[in-house]
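Quick notes on the structure that follows.
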Amino acid sequence: MTGPILEMRSLEKRYGRVRALEGLSLSVAPGEVYGFLGRNGAGKSTAIRILMGITRPSGGEVRLFGESTRGAPVRLRQRIGYVAQEQAFYPWMSARRLGRFVGGFYPTWDQGAFEQLCLEQGLPLDRAAGGFSGGMKMKLALALALGHRPPLLVLDEPTAGLDPVARRELLERVREDAERTGRTTFFSTHLIDEVELVADRVCIVDDGKARYEGAIAELSARVRCWRGVDPPPILLAPPPGIRVLGDRTFRGERRITLEAADADWSALGGVALEAMPLEETFIEMVRS
Amino acid sequence: MDRVLTLLEKELWEHGLALGAVLVFLGGIAGLLLLGTAVGPQTITVLDAHASFVRIFLPLFGLALGHRLVAREYGAPTHRFLASLPIHRWEILVTKYALGLALVGLAAGGSLVITGAVAAIREPLTGRWISLVMLRTEVFAVALWSFFFAMGLVGRWRFPIYLGLAIALTFVGTSTDVALRRFWPFALVGDTFVLERLTAPWGALGGATAIALGLFAVGMLLGAGREGRLQEALSTRMTLRQKAGVAVGFALALVLLDVLDLERRPDPFAFESATVARQGRVSVLHEPGGEARATAMAARLEEDLARAEAWLDLPLGPVFVAPRLDLGPAEMEHEPLDEDEPAVLVRAAHPSPELEERSLRAFALARAIEKATEGRARHEPRRWVLVGLSHHLVGADPAWSRRAAWLGRRRAPRYDTLRQRERLEERFGENAADAWAWLAFDALAAELPEEQLRSFTRELLAPPGLVLLDVIAFRVSPVEARLADAGIDVASLEAAWAARLRPLRAEVTRAHAEVAIAQDGSLRGLRAAVTGADGDTCALLHAGLGPFDVPLEREAWSREEAPCEALDARVVLGRYGPGDRVFVAVERAALGGWLRLAASRRTVR
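Protein sequences appear in the order of chains H and U.
Taking this note's numbering, I'd label the letters of the first sequence as residues 1 to 288.
Taking this note's numbering, I'd label the letters of the second sequence as residues 1 to 605.
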């Protein structure tokens with residue numbers, strides 16, 4: 001497939017007066033690991049619920065594998081592996097039985113591969129899932145999501161509630177799986193370091209809209225900051241193509257954050273600007 | 001289809017054991033109901049067991065199923081896991097509905113199949129009859145399950161709703177005149193639904209189906225409405241404030257119902273038939289063409305009641321007389337009505353020319369006095385006064401003299417035989433015991449001035465309130481005390497009574513009966529032989545007594561009639577085994593009624 005494997009076009013979702021999504025657009029290419037970054041309540045889960053067919057959009061559309069999800073969500077959903085934010089497995093089912101149960105919904109299910117994945121992650125196959133820890137449940141969810149060898153893996157804040165070790169193991173497994181299989185992975189999180197660790201490209205969503213979509217390296221190049229006491233006047237009224245994201249004073253030091261749409265800072269002349277950590281960049285972008 | 005089958009398999013795996021256990025339990029209940037109905041003396045059809053099952057246990061099964069199959073999924077909340085799988089929300093709901101429907105339908109249909117199979121052994125079941133009962137049962141099951149399915153999706157509010165409905169339905173059933181059994185879907189399983197064998201109640205079937213569809217739609221709306229968020233909101237646990245609100249609401253409702261004291265006053269008992277002769281408070285149901293005779297009898301009974309009221313200074317309630325042609329001429333039957341009902345209902349062979357009308361009137365009068373005294377007048381040791389007075393007021397019948405004389409050949413006219421009425425009745429039968437009491441009372445009436453007799457009976461049968469003597473009546477008979485008050489001692493009563501009995505004895509024929517425990521191989525049996533009654537009809541009566549030897553109700557007796565000379569051929573074999581306590585008696589049809597020739601309580605060895 002040459003076109004995008006997943007596309008959201010001007011996606012809107014309203015719950016009464018609340019607008020959860022306001023024209024969200026993004027595009028995920030085959031084989032890439034895509035970070036979907038945003039604060040809590042930014043609209044990430046709503047977008048994923050629409051993508052999974054759990055919720056219908058109020059406007060816009062989602063295209064999966066080049067096809068609109070409207071009218072045929074089940075067939076398309078059978079090609080997606082999905083890891084939800086919270087795991088609500090049947091507590092009386094063992095991992096093996098859960099695999100058999102979930103396998104009934106996917107024509108391409110491979111019980112052997114699923115069990116192999118469980119064993120690789122150290123999961124007992126015949127113990128009731130109700131007794132699993134949070135980390136084990138997440139590993140099981142990942143195995144269940146990969147058991148039918150989906151071309152697209154969707155993870156909705158999978159590391160929420162995990163301890164640092166479990167979190168790291170999960171992220172490494174996702175990255176390793178993507179590299180080994182070339183599977184497209186759509187990864188939602190509000191933690192920057194996870195995106196840095198896993199993703200090739202990122203979409204920063206805030207207030208239901210995409211604030212940035214592109215490579216992480218490009219994001220770092222687009223945002224710079226100036227620190228000092230008396231800022232040059234050009235920073236307060238920047239030329240076209242550059243905008244002020246933030247202007248704060250902390251302990252007598254003024255800090256101005258700027259964004260250049262095409263990472264071209266030449267219009268500012270010789271003003272010395274600093275590169276920012278990705279987390280700072282994200283914070284400034286969503287604050288602005 | 002695969003995903004629906006997968007879901008079904010999951011449901012059966014998850015709930016199969018519990019539901020199987022419930023089904024086995026219900027099967028046991030159905031078996032017990034079936035057994036109880038099959039051996040019950042009042043049973044019209046064994047299908048009654050199915051009716052009880054459908055009315056009581058099927059709703060309980062539906063309740064359990066709705067909780068496990070629906071409410072638990074959404075409360076857990078494992079439905080979120082299901083929602084993440086490639087399956088439509090409506091497919092999940094429809095699968096659950098269909099599975100629950102199948103199980104409830106299976107339980108209901110299974111109950112009918114089993115009871116029908118047993119009923120077919122001795123009842124003339126037809127295919128149409130069974131089909132109609134099945135149709136009613138299954139449509140009721142559909143409506144029932146649709147309700148519990150919808151309630152399962154109401155989440156945390158379902159138990160307050162159940163409780164509220166239970167209170168509301170109880171209130172409507174007991175405090176208003178609204179008959180719930182007339183409304184869909186209850187009309188499908190009303191009191192006589194297993195007896196309806198000819199026509200299908202299409203209106204009720206259609207109405208119940210519409211209700212089921214409506215409830216299913218409500219369930220689907222709750223489960224799938226607003227993309228499942230409605231159900232999600234309903235299935236969360238109750239907050240403390242909500243719990244407190246519900247508790248306060250129910251407490252207020254109960255207090256309100258109690259304060260209003262809206263307990264239903266049921267309509268007074270009445271004959272609904274057009275062929276009823278009425279005179280004052282007496283109603284006599286009669287056959288077409290029998291109006292004149294019934295009216296005359298009603299008028300006489302009304303006069304008896306008025307006389308008794310004046311005698312006892314006690315208001316008496318209405319009396320209803322219904323025909324029952326299989327009773328003997330001196331055989332009466334009392335049908336208890338509601339406790340609050342002031343009327344009495346008696347049955348007798350009243351269109352029959354052989355009926356002892358005076359006996360019927362005396363019987364009805366005694367029941368009316370019993371009712372007006374809330375049963376106090378019927379107990380030993382004053383029962384003989386009640387019987388004697390009621391017979392005295394309607395005037396003597398020659399048959400009574402003959403029966404009293406017959407008993408006088410077997411017992412001396414001793415006061416003790418009056419006091420211990422139950423013992424006398426068990427040994428010699430009700431007709432003879434009544435005649436015995438009447439003769440003693442008649443002797444008393446001859447000894448006492450009427451005003452004194454009136455005062456004596458009034459104080460015994462209708463005292464203004466409970467007196468201390470009632471409480472200690474087991475040791476000091478109030479009858480004897482009242483007799484002494486009236487200046488009559490027991491010895492003089494016995495003497496006057498014996499004097500009345502003496503000239504009557506010559507009228508009585510002699511007959512003799514013996515009862516015995518017979519044995520044939522390992523089987524035990526009852527055998528009776530009668531001498532001196534050739535040409536008459538005799539009856540062998542028997543009943544198991546159980547461990548406590550309590551007095552027997554008439555319904556508990558088995559009765560086998562035969563010519564007296566051939567009665568010894570009627571051996572009851574195998575009914576009772578070693579160690580059983582048995583009451584066995586022989587009666588002879590004579591002197592207008594049944595006279596008990598022999599009676600005893602035996603232990604089978």
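Glycine included, C-beta positions come from ideal geometry on N, C-alpha and C.
From a predicted model like this one, the values you see are computed outputs, not experimental measurements.
{"Check": "Report back the beta-carbon spacing between Ile130 (chain U) and Gly116 (chain U) to the nearest angstrom; my notes put them in contact at under 8 Å.", "Outcome": "5 Å"}
{"Check": "Kindly indicate if chain H contains any beta-carbon less than 7 Å away from that of Pro160 (chain U).", "Outcome": "no"}
{"Check": "How many Å lie between Met151 (chain U) and Pro185 (chain U) at the Cα?", "Outcome": "17 Å"}
{"Check": "Give the C-beta separation of Trp400 (chain U) and Ala377 (chain U) to the nearest angstrom, bearing in mind that I take them to be a contact with Cβ-Cβ under 8 Å.", "Outcome": "No, Trp400 (chain U) and Ala377 (chain U) are not in contact; Cβ-Cβ is about 20 Å, not under 8 Å."}
{"Check": "Where does Arg475 (chain U) sit, in a helix, a strand or coil, going by DSSP?", "Outcome": "Because Arg475 (chain U) carries a pLDDT of 48, less than 50, the predicted location of this residue cannot be relied on, and the following value inherits that uncertainty. Here Arg475 (chain U) sits in coil by DSSP."}
{"Check": "Tell me which same chain residues have a C-beta within less than 6 Å of the C-beta of Ala71 (chain U), skipping the five on either side of it?", "Outcome": "Gly152"}
{"Check": "Can you pull the chain U neighbours of Gln111 (chain H), defined as C-beta to C-beta under 8 Å?", "Outcome": "Chain U residues near Gln111 (chain H): none, gap ~13 Å exceeds 8 Å."}
{"Check": "Does Ile5 (chain H) get closer than 7 Å to chain U when you measure Cβ to Cβ?", "Outcome": "no"}
{"Check": "Rounded to whole angstroms, what's the CA-CA distance from Trp202 (chain U) to Glu555 (chain U)? Just pull it up for me.", "Outcome": "38 Å"}
{"Check": "With DSSP as the reference, label His512 (chain U) as helix, strand or coil.", "Outcome": "strand"}
{"Check": "Would you say Leu11 (chain H) lies against chain U (beta-carbon separation less than 7 Å)?", "Outcome": "no"}
{"Check": "For Leu606 (chain U) and chain H, any beta-carbon pair shorter than 7 Å?", "Outcome": "The displayed coordinates of chain U run from 1 to 605. Any statement about residue 606 (chain U) would go beyond what the structure contains."}
{"Check": "How is Ile80 (chain H) classed by DSSP in three states: helix, strand or coil?", "Outcome": "strand"}
{"Check": "Does Phe271 (chain U) come out as helix, strand or coil in the three-state DSSP assignment?", "Outcome": "coil"}
{"Check": "Measuring CA to CA, which of U:Glu430, U:Phe363, U:Ala208, U:Pro398 is closest to Glu553 (chain U)?", "Outcome": "U:Glu430"}
{"Check": "Compute the Euclidean distance between the alpha carbons of Thr137 (chain U) and Ala599 (chain U), then round it to the nearest angstrom.", "Outcome": "48 Å"}
{"Check": "Give a yes or no on whether the minimum CB-CB distance between Arg605 (chain U) and chain H is below 7 Å.", "Outcome": "no"}
{"Check": "For Arg77 (chain H), go through chain U and note every residue whose CB falls closer than 7 Å to its CB, in chain order.", "Outcome": "Pro86"}
{"Check": "Taking a contact to mean a Cβ-Cβ separation below 7 Å, would you say Phe81 (chain U) touches Ala88 (chain H) in this structure?", "Outcome": "yes"}
{"Check": "In the DSSP assignment, find the alpha helix (DSSP H) that holds Cys118 (chain H) and state where it starts and stops.", "Outcome": "111 to 120"}
{"Check": "What are the residues in the stretch 48 to 65 of chain H lying within 7 Å of chain U by C-beta distance?", "Outcome": "Met52, Ile54, Thr55, Arg56"}
{"Check": "Val18 (chain H) CB to nearest chain U CB: under 7 Å?", "Outcome": "no"}
{"Check": "Listing by chain order, which chain U residues have their CB less than 8 Å from the CB of Trp92 (chain H)?", "Outcome": "Glu14"}
{"Check": "Classify Ile472 (chain U): buried if its beta carbon has 16 or more other beta carbons within 10 angstroms, exposed otherwise.", "Outcome": "Its pLDDT being 48, under 50, Ile472 (chain U) is placed unreliably by the model, and the measurement read from it follows with that caveat. Exposed is the call here."}
{"Check": "Return the first residue and the last residue of the alpha helix (DSSP H) that Val133 (chain U) is part of.", "Outcome": "127 to 152"}
{"Check": "On the DSSP bridge assignment, give the partners of Thr531 (chain U) in chain order.", "Outcome": "U:His512"}
{"Check": "For the beta strand (DSSP E) that contains Pro563 (chain U), what are its first and last residues?", "Outcome": "558 to 563"}
{"Check": "In terms of alpha-carbon separation, which member of H:Val244, H:Gln116, H:Gly3, H:Arg39 lies closest to Glu279 (chain H)?", "Outcome": "H:Arg39"}
{"Check": "Of all the CB atoms in chain H, is at least one closer than 7 Å to the CB of Glu227 (chain U)?", "Outcome": "yes"}
{"Check": "Within 10 Å of its beta-carbon, does Arg347 (chain U) have 16 or more other beta-carbons around it, so buried, or fewer, so exposed?", "Outcome": "buried"}
{"Check": "Since Ser10 (chain H) is in the alpha helix (DSSP H), which residue starts that stretch and which ends it?", "Outcome": "Segment 6 to 15 is the beta strand (DSSP E) holding Ser10 (chain H); no alpha helix (DSSP H) there."}
{"Check": "Using a Cβ distance threshold of 8 Å, determine whether the stretch 246 to 261 of chain H contacts the stretch 228 to 238 of chain H, with at least three qualifying pairs required.", "Outcome": "yes"}
{"Check": "So what's Tyr415 (chain U) in DSSP terms, helix, strand or just coil?", "Outcome": "helix"}
{"Check": "Cα separation between Cys118 (chain H) and Glu194 (chain H)?", "Outcome": "23 Å"}
{"Check": "Are the beta-carbon atoms of Arg3 (chain U) and Phe105 (chain H) separated by less than 7 Å?", "Outcome": "yes"}
{"Check": "Helix, strand or coil, according to DSSP, for Arg324 (chain U) in the structure here?", "Outcome": "coil"}
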